[in-house]
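Working notes, structure below.
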Amino acid sequence: MVKTILITGGAGFIGSHVIRLFVNKYPDYLIVNLDKLTYAGNLQNLTDIESRPNYKFIKGDILDTELLKSIFEQFNFDGVIHLAAESHVDRSITNPLEFIHTNVVGTANLLNIAKQSWSKDFSNKLFYHISTDEVFGSLGKEGFFTETTSYDPRSPYSASKASSDHLVRAYFHTYKMPTIISNCSNNYGPNQFPEKLIPLAINNIKNNRPIPVYGKGENVRDWLFVIDHAIAIDLLFHNALPGETYNIGGDNEWTNLDLIEMLCSIMDSKLNRKEGTSSKLITFVTDRAGHDLRYAIDFSKINQAYKWKPSVDFKKGLELTVKWYLENEKWLEQIVTGQYQLYYNDQYNDR
Ligand code: NAD
Ligand code: TYD
């Protein structure tokens, strides 16, 4: 094998798309997926590549120091792409400590074991940390986040991601460990866990259930198709300079209400419902505590350096996403029965 790469969180939404891209594109790399399989991790996301000779899955926790030591020894990784995290803002409001354990201590543990294992020779090694635009805080109606925008996280999730970003930067400056970070806007696409806005709304519309829109639906997010994110990760992993950080975004800002209305219209057409049927399900509910108003990304750095830009038109991407969820009923049904019901009742019953 030319390279052996550790990808953490590869059974999750974005991680599974990154794993698929790398396993297919680089048959001479060994891709090792380390994932704890929390509620968000799902090996069904990877059935098409699970028996490839250049792919290996290890069930494990980034907090497990002994396990990390042993797999770094066994595989002598050339690079790490770190996606494992608790990723949902609403859960971070209910249970912040879980986010500190996984996102902060887990990242510190992984950095530390990588440093120990690589310390004799950092040449040709890379620790790539996947982060979010939410570390920059909330924008007003104007402006964009750039790579030099000051960090101003405002939810326990974004604070934990900001903290992990700082640790990664510290390992670069203090130990000269080669690291890169990218901060991406909201992803959407197949395989996203239905706690996030788009798949949650698709599932509810399909089942004629209310679509919960927080506050007045005026908050703005910048949406990027998940495969475009995976392509950017591939580009940066192979080309970016150690110590650099990059913003990745969709140039695609929508208020939540406008987005949900477009989704309703796509669902009406896919489910052969009369136009206007699904939008009747829109229900305004109590706002999220500390709800960031707007995120928007200036991605000119990655565009100028590597010519990366989003390739999937939003309406087309949403149609593809809806099609995937409607065609993969089993995937969705397995999730929305059981634990998910308890989560849903907890989050939404009293809103
Ligand atoms: P996800 O919640 O779908 O997946 C997270 C994965 O990490 C799951 O497979 C889970 O089992 C695994 N995991 C959690 N804790 C673990 C632990 N202690 N040890 C090992 N594995 C563990 O998340 P996602 O949406 O795919 O996000 C992936 C990464 O990208 C995260 O770091 C997130 O902060 C970042 N990110 C996400 C978005 C987005 O829109 N979803 C945008 C920008 C950045
Ligand atoms: P989400 O998918 O949770 O991503 P993030 O909070 O990381 O941006 O939410 C996207 C937007 O949708 C956010 O402004 C909160 C809002 N939202 C709702 O209005 N209703 C919902 O049920 C959810 C989950 C989110």
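All letters in the sequence shown, in the order written, are residues 2 to 352 by this note's numbering. Note that beta-carbon positions come from the ideal geometry of N, C-alpha and C, so glycine has one too. Everything numeric in this text was worked out from a predicted model, so none of it was measured.
Residue i (DSSP reduced to helix, strand or coil)
i, result
"residue 302", "helix"
"residue 40", "coil"
"residue 82", "strand"
"residue 248", "strand"
"residue 89", "coil"
"residue 4", "strand"
"residue 133", "strand"
"residue 294", "coil"
"residue 76", "helix"
"residue 140", "strand"
"residue 123", "coil"
Reference residue i; option with closest CA among the options
i, options, result
"residue 200", "140, 273, 16 and 330", "330"
"residue 290", "156, 59, 86 and 108", "156"
"residue 83", "67, 62 and 98", "62"
"residue 100", "247, 162 and 339", "162"
"residue 41", "86, 113 and 48", "86"
"residue 79", "97, 129, 113 and 37", "129"
"residue 59", "68, 295 and 35", "35"
"residue 39", "172, 275, 67 and 194", "194"
"residue 16", "172, 92 and 190", "190"
"residue 207", "175, 281 and 74", "281"
"residue 11", "93, 306, 197 and 44", "44"
Bridge partner(s) assigned by DSSP for residue i
i, result
"residue 156", "Paired residues: none, contrary to the question."
"residue 254", "223"
"residue 188", "225"
"residue 35", "9 and 59"
"residue 285", "214"
"residue 128", "81 and 180"
"residue 30", "4"
Nearest-angstrom Cα separation, counted from residue j out to residue i
i, j, result
"residue 104", "residue 263", "33 Å"
"residue 224", "residue 124", "36 Å"
"residue 143", "residue 151", "16 Å"
"residue 109", "residue 168", "7 Å"
"residue 95", "residue 89", "10 Å"
"residue 240", "residue 117", "24 Å"
"residue 286", "residue 352", "6 Å"
"residue 254", "residue 212", "20 Å"
"residue 311", "residue 344", "33 Å"
"residue 246", "residue 37", "27 Å"
"residue 50", "residue 20", "9 Å"
"residue 230", "residue 188", "8 Å"
"residue 276", "residue 270", "7 Å"
"residue 172", "residue 180", "8 Å"
"residue 202", "residue 316", "16 Å"
Residue i and residue j closer than 8 Å at C-beta
i, j, result
"residue 111", "residue 81", "yes"
"residue 214", "residue 257", "yes"
"residue 57", "residue 31", "yes"
"residue 132", "residue 164", "no"
"residue 268", "residue 337", "no"
"residue 244", "residue 300", "no"
"residue 148", "residue 304", "no"
"residue 139", "residue 288", "no"
"residue 24", "residue 55", "yes"
"residue 134", "residue 307", "no"
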